[in-house]
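Below you'll find the structure, written out as structure tokens, and then a few comments.
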Amino acid sequence: MEAALQQQAETYLGTAIEPSEWDEAKAYAERKLKIIIEREGDGNGMRREPWYLAQLITETVSSNRFSQFTLDLMEL
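Here the working numbering is used: the first residue of the sequence shown is 287, the next is one more, and so on.
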């Protein structure tokens, strides 16, 4: 399942997710999903579908990459 989840997240992102990014992004997305479900409910089960977690992982990787980009830019 994890390989399928990563493949789906990479499809949404449009590029590969490095192993160094994957573990952190997946853990963060799982925590975020837990909070969303606690606050808003599971949307009749929709938020428990693998595609939803894959989307959260994609958002996390994208956000982390942009943050790193801006830090790198500041160093210049």
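We treat Cβ as the ideally placed atom computed from N, Cα and C, and that holds for glycine.
Asked                                                                                                                                                         : Found
Applying the criterion that 16 or more other CB atoms from any shown protein chain within 10 Å of the CB defines a buried residue, is A315 buried or exposed? : buried
What first and last residue would you give for the alpha helix (DSSP H) that runs through A295?                                                               : 288-299
Measuring alpha carbon to alpha carbon, tell me which residue in Q294, N350, D358, G300 is nearest E307.                                                      : N350
Looking at the structure shown, is L362 part of a helix, part of a strand, or coil, going by DSSP?                                                            : coil
Residues in its own chain within less than 6 angstroms of E296 by CB, not counting five upstream and five downstream?                                         : A302, I303
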